[in-house]
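Written below as structure tokens is the structure these notes are about.
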Amino acid sequence: MPFKSLGLNPKLVQGVLAMGYGDPTPIQLRAIPVVLEGRDLIGSAQTGTGKTAAFALPVLQRLAKPAAKGPRVLVLEPTRELAAQVETAFRDLGRFTDFRAAVVHGGVGYGRQREALRNGTDVIIATVGRLMDFIQEGAIDLRNIEVLILDEVDRMLDMGFIRDVKRVVELCPKSRQTLFFSATVPPEIEAVAKFALKDPARIVIGRTQSVNESVKHAMFPVQYDQKFELLIALLEKEDFQSVIIFSRTKHGADKIARRLKKENHSVAVLHANRSQGQRTTALEGFKNGRYEIMVATDIAARGIDVTGVSHVINYDVPENPEDYVHRIGRTGRAMAVGDAYMLAVPEEGGDCHDIERFIGARIPQLTLDGFAYEGNRPPVVDTSRPFKNPMRSKKGQAQGRQGGGGRPGSGGGRQGGRPGGKSQAQGRGGKKPAGRGNPRGGSARSGPAPAPAKASPRSRLRRGR
Ligand code: AMP
Numbered sequence: 012m013p014f015k016s017l018g019l020n021p022k023l024v025q026g027v028l029a030m031g032y033g034d035p036t037p038i039q040l041r042a043i044p045v046v047l048e049g050r051d052l053i054g055s056a057q058t059g060t061g062k063t064a065a066f067a068l069p070v071l072q073r074l075a076k077p078a079a080k081g082p083r084v085l086v087l088e089p090t091r092e093l094a095a096q097v098e099t100a101f102r103d104l105g106r107f108t109d110f111r112a113a114v115v116h117g118g119v120g121y122g123r124q125r126e127a128l129r130n131g132t133d134v135i136i137a138t139v140g141r142l143m144d145f146i147q148e149g150a151i152d153l154r155n156i157e158v159l160i161l162d163e164v165d166r167m168l169d170m171g172f173i174r175d176v177k178r179v180v181e182l183c184p185k186s187r188q189t190l191f192f193s194a195t196v197p198p199e200i201e202a203v204a205k206f207a208l209k210d211p212a213r214i215v216i217g218r219t220q221s222v223n224e225s226v227k228h229a230m231f232p233v234q235y236d237q238k239f240e241l242l243i244a245l246l247e248k249e250d251f252q253s254v255i256i257f258s259r260t261k262h263g264a265d266k267i268a269r270r271l272k273k274e275n276h277s278v279a280v281l282h283a284n285r286s287q288g289q290r291t292t293a294l295e296g297f298k299n300g301r302y303e304i305m306v307a308t309d310i311a312a313r314g315i316d317v318t319g320v321s322h323v324i325n326y327d328v329p330e331n332p333e334d335y336v337h338r339i340g341r342t343g344r345a346m347a348v349g350d351a352y353m354l355a356v357p358e359e360g361g362d363c364h365d366i367e368r369f370i371g372a373r374i375p376q377l378t379l380d381g382f383a384y385e386g387n388r389p390p391v392v393d394t395s396r397p398f399k400n401p402m403r404s405k406k407g408q409a410q411g412r413q414g415g416g417g418r419p420g421s422g423g424g425r426q427g428g429r430p431g432g433k434s435q436a437q438g439r440g441g442k443k444p445a446g447r448g449n450p451r452g453g454s455a456r457s458g459p460a461p462a463p464a465k466a467s468p469r470s471r472l473r474r475g476r
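According to this note's numbering, the sequence shown is numbered sequentially starting from 12.
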């Protein structure tokens with residue numbers, strides 16, 4: 012069914028065509044008519060399914076009808092990057108319509124945002140902290156909100172924003188329409204939905220925890236000390252166009268980036284300790300091809316949309332199975348093809364088990380041809396048993412993701428320990444990690460290992476955009 016049969020006005024259909032979209036994605040097909048009807052909605056769809064347009068298009072249609080002054084639509088997003096990206100989607104899709112949008116998020120000064128609000132806006136796309144600041148100073152009044160969109164609610168819950176989200180809900184008029192999106196809807200999210208929505212329609216796209224169908228994923232078992240070497244060898248071997256490398260911690264991300272730069276790769280870094288300016292420059296530079304690689308943590312990279320990411324490499328096995336799905340959502344977006352690799356050390360078998368159970372599929376274990384594996388063969392990652400850690404509470408997870416209490420192994424970081432669990436050294440049978448480079452004491456690359464990255468033709472990492 013084409014977009015124009017969904018009941019959208021011709022200007023919006025024109026906007027969709029200008030974006031180069033062919034047919035609506037499944038979530039768009041099912042959600043757009045429901046939202047146009049004015050019903051509340053719970054959409055369970057993973058990132059990359061086209062859910063932004065699924066809510067932005069019908070909302071833009073509603074804005075075409077005149078109404079009272081003041082912001083009429085409020086979109087809450089968990090991260091600044093996502094807020095900025097959703098604002099761009101609104102502007103792109105609504106380019107032939109007349110509306111004003113303002114994005115409100117932390118990490119930058121208040122001045123420009125305050126000015127945009129003062130000039131008047133129809134749509135506010137916000138992260139919750141800065142929104143509350145503006146509400147408190149009287150710069151935002153939610154009394155005329157007609158549509159409230161809570162996006163990536165599972166993430167907002169993980170990040171500890173739910174109390175503020177509930178306060179925002181209470182400040183909006185009761186007569187509003189509420190759209191609620193979450194990759195998964197466990198009981199605690201269901202409770203928030205019950206609080207915020209009235210008789211919602213429910214749309215579940217696919218198995219909510221499935222990885223993107225178009226992504227080929229694989230695991231490369233490797234000993235801890237050879238992780239970085241394997242990363243370099245993978246970058247050599249594969250015809251990467253653009254790569255996002257995920258690290259579990261901010262410190263780890265910095266460390267990986269530093270080492271990649273030494274190998275002559277152009278690298279952007281995205282994590283929560285970087286200033287908003289640095290984050291924007293990193294993301295923009297990655298999008299426009301200035302950087303061939305982006306090293307990111309989960310929180311910073313959540314939901315970011317970078318068209319044409321050919322590969323995701325999980326330098327660390329993510330601590331939470333949900334993060335695996337989100338990381339992989341970076342590639343294969345809207346059914347393009349991409350690959351997702353994970354470097355896994357034997358001690359991470361339990362985490363891999365949890366991920367495989369969560370996604371309902373085995374992750375094939377591959378060997379990189381020509382790589383000088385320690386002992387001449389890759390280790391085995393046994394995924395038959397779950398990872399048991401009583402400390403892996405929701406709170407601990409959120410902290411871990413922020414990089415505060417993350418496990419070691421990120422970016423070769425060897426300090427710290429599992430939050431409440433055994434240390435990496437203990438996990439490795441008490442063996443102290445060997446020094447830098449090849450544990451056999453030879454040079455970092457010996458035997459059939461690939462040529463140094465410096466010799467790598469940069470064209471291999473060319474960007475297709
Ligand atoms: P989202 O899940 O909203 O983050 O969207 C993921 C990506 O899919 C974005 O790059 C969108 O521009 C793109 N997209 C959204 N809808 C469509 C569509 N109907 N056809 C092709 N691409 C789309």
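Beta carbons: idealized from backbone N, C-alpha and C, even for Gly.
Next on the checklist: Based on DSSP bridge pairs, tell me the residues matched to H322.
Outcome noted: Here residue 322 refers to the residue found at position 311 of the sequence shown. For H322, which the question treats as bridged, DSSP gives the partners V254, D350.
Checklist entry - Mind checking N275: buried by the 16 CB within 10 Å criterion, or exposed? => result In the sequence shown, counting from the first residue as 1, residue 275 sits at position 264. With fewer than 16 neighbouring CB atoms inside 10 Å of its own CB, N275 falls in the exposed class.
Item to check | Check: M143 C-beta below 8 Å from any heavy atom of the ligand AMP | outcome: Residue 143 sits at position 132 when you count from the first residue of the sequence shown. Not so, every heavy atom of the ligand AMP lies at least 8 Å from the Cβ.
Checklist entry - Residue range of the alpha helix (DSSP H) that V180 falls in? => result Walking along the sequence shown from the start, residue 180 turns up at place 169. According to the DSSP assignment, V180 belongs to the alpha helix (DSSP H) that extends over 173-182.
Checklist entry - Taking 8 Å as the line, does the beta carbon of A212 fall inside it for any heavy atom of the ligand AMP? => result Position 201 of the sequence shown, counting from 1, holds the residue named residue 212. Outside the cutoff, so no.
Next on the checklist: If you reduce the DSSP assignment to three classes, tell me which class G54 lands in.
Outcome noted: Your numbering for residue 54 matches position 43 in the sequence shown. Of the three classes helix, strand and coil, the one that applies to G54 here is strand, per DSSP.
Checklist entry - Under 8 Å from any heavy atom of the ligand AMP, does the C-beta of Y121 make it? => result Counting from one through the sequence shown, the residue named residue 121 turns up at place 110. Outside the cutoff, so no.
Next on the checklist: the ligand AMP and G61: does the residue's C-beta get closer than 8 Å to at least one heavy atom of that ligand?
Outcome noted: Taking the first residue of the sequence shown as 1, we reach residue 61 at position 50. Yes, the beta carbon of G61 sits closer than 8 Å to at least one heavy atom of the ligand AMP.
Checklist entry - Is F297 helix, strand or coil when you go by DSSP? => result As a working note, residue 297 is residue 286 in the sequence shown. Residue state, collapsed to three classes: helix.
Item to check | Environment of K238 [buried if 16+ CB atoms lie within 10 Å] | outcome: Translated into the one-based positions of the sequence shown, residue 238 becomes position 227. Classification for K238: buried.
Checklist entry - Would you say P35 touches the ligand AMP, meaning its beta carbon is less than 8 Å from a heavy atom? => result Start at 1 with the first residue of the sequence shown, and residue 35 comes out as number 24. Yes, since a heavy atom of the ligand AMP falls inside the 8 Å radius drawn around the Cβ of P35.
Checklist entry - Would you say the beta carbon of T90 comes nearer than 8 Å to a heavy atom of the ligand AMP? => result The residue you call residue 90 lines up with position 79 of the sequence shown. It does not: the Cβ of T90 is nowhere closer than 8 Å to a heavy atom of the ligand AMP.
Checklist entry - Alpha carbon to alpha carbon, how far is I267 from F206? => result For the purposes of this step, residue 267 is taken as residue 256 along the sequence shown, with counting starting at 1. For the purposes of this step, residue 206 is taken as residue 195 along the sequence shown, with counting starting at 1. The straight-line gap from Cα to Cα measures roughly 43 Å.
Checklist entry - How many whole angstroms separate the CB atoms of L52 and P211, which I take to be in contact at a CB cut-off of 8 Å? => result Counted from its first residue, the sequence shown places residue 52 at position 41. Counted from its first residue, the sequence shown places residue 211 at position 200. Contact flag correct, Cβ pair sits at about 6 Å.
Checklist entry - With respect to 8 Å, is the separation between the Cβ of Q252 and the closest non-hydrogen atom of the ligand AMP below this value? => result Position 241 of the sequence shown holds residue 252. Not so, every heavy atom of the ligand AMP lies at least 8 Å from the Cβ.
Item to check | Limits of the unbroken beta strand (DSSP E) element including L67 | outcome: In the sequence shown, residue 67 corresponds to position 56, counting from 1. Residue identity check: residue 67 is Ala in the sequence provided, not Leu. Note, A67: premise wrong, no beta strand (DSSP E); alpha helix (DSSP H) at 62-74.
Checklist entry - With a Cβ-Cβ cutoff of 9 Å, do V179 and I136 count as a contact? => result The residue given as residue 179 occupies position 168 in the sequence shown. The residue given as residue 136 occupies position 125 in the sequence shown. Not closer than 9 Å, so no.
Checklist entry - Between P35, D334, P82, which lies nearest to T60 when the distance is taken from Cα to Cα? => result By 1-based counting over the sequence shown, the position of residue 60 is 49. Of P35, D334, P82, the residue nearest in Cα terms is P35.
Checklist entry - Any chance the CB of V203 is under 8 Å from a heavy atom of the ligand AMP? => result Position 192 of the sequence shown holds residue 203. The answer is no for V203.
Next on the checklist: On the DSSP letters alone, give me the boundaries of the alpha helix (DSSP H) that R125 sits inside.
Outcome noted: Locating residue 125 in the sequence shown gives position 114, where the first residue counts as 1. 122-129 is the span of the alpha helix (DSSP H), which, as asked, contains R125.
Item to check | Rounded C-alpha distance that separates N155 from D133 | outcome: Stepping through the sequence shown from its first residue, residue 155 is reached at position 144. Stepping through the sequence shown from its first residue, residue 133 is reached at position 122. Answer to the nearest angstrom: the Cα atoms are 10 Å apart.
Next on the checklist: Can you determine whether any heavy atom of the ligand AMP sits closer than 8 Å to the C-beta of T195, and answer yes or no?
Outcome noted: Taking the sequence shown and counting its residues from 1, one reaches residue 195 at position 184. Answer for T195: no, Cβ out of range of the ligand AMP.
Item to check | Where T189 falls: helix, strand or coil (DSSP) | outcome: Indexing the sequence shown from 1 puts residue 189 at position 178. DSSP places T189 in strand when its eight states are reduced to three.
Item to check | Of the listed residues P77, S253, D236, T138, nearest to G386 (C-alpha basis) | outcome: Residue 386 sits at position 375 when you count from the first residue of the sequence shown. If we check each option's Cα against that of G386, D236 comes out closest.
Next on the checklist: Tell me the rounded alpha-carbon separation between F257 and I243.
Outcome noted: Reading the sequence shown from its first residue, position 246 is the one you call residue 257. Reading the sequence shown from its first residue, position 232 is the one you call residue 243. Roughly 14 Å separates the two Cα atoms.
Item to check | DSSP three-state assignment for V364, whether helix, strand or coil | outcome: Working through the sequence shown from its first residue, we reach residue 364 at position 353. Per the sequence presented here, residue 364 reads as His, with Val not at that position. Correct three-state label for H364: helix.
Checklist entry - A100: beta carbon under 8 Å from a heavy atom of the ligand AMP? => result As a first step, residue 100 must be located in the sequence shown, where it is residue number 89. Yes - the ligand AMP has a heavy atom lying nearer than 8 Å to the Cβ of A100.
Checklist entry - With C-beta atoms as the reference, is F369 less than 9 Å away from Y326? => result Position 358 of the sequence shown holds residue 369. Position 315 of the sequence shown holds residue 326. Not closer than 9 Å, so no.
Checklist entry - Is the beta carbon of Y384 within less than 8 Å of some heavy atom of the ligand NAP? => result The ligand NAP is absent from the structure shown, which contains only the ligand AMP.
Next on the checklist: I'd like the span of the beta strand (DSSP E) that includes R213, first residue to last.
Outcome noted: Taking the first residue of the sequence shown as 1, we reach residue 213 at position 202. First-last of the beta strand (DSSP E) with R213: 212-215.
Next on the checklist: In the DSSP output, which residue or residues are listed as bridge partners for F231?
Outcome noted: Here residue 231 refers to the residue found at position 220 of the sequence shown. The partner list for F231 (beta bridge, DSSP) reads L354.
Item to check | Residue interval of the beta strand (DSSP E) (run including V158) | outcome: Residue numbering aside, residue 158 sits at position 147 when the sequence shown is read from its first letter. Start and end: 158-161.
Item to check | Beta-bridge pairing of M531 - partner residues as DSSP gives them | outcome: Residue coverage of the chain in this structure runs from 12 to 476, which leaves residue 531 outside it and unanswerable.
Item to check | Top-ranked residue by Cα proximity to V320, from A351, E333, N331, R290 | outcome: What you label residue 320 is simply residue 309 of the sequence shown in a count that begins at 1. For V320, the nearest C-alpha among the options comes from A351.
Next on the checklist: Can you give me the C-alpha to C-alpha distance between A150 and M143, rounded to a whole angstrom?
Outcome noted: As a position in the sequence shown, residue 150 is number 139, starting the count at 1. As a position in the sequence shown, residue 143 is number 132, starting the count at 1. A150 and M143: Cα-Cα distance of roughly 10 Å.
Checklist entry - First and last residue of the beta strand (DSSP E) that includes A137? => result As a position in the sequence shown, residue 137 is number 126, starting the count at 1. Taken as a continuous stretch (DSSP letters only), the beta strand (DSSP E) holding A137 covers 134-137.
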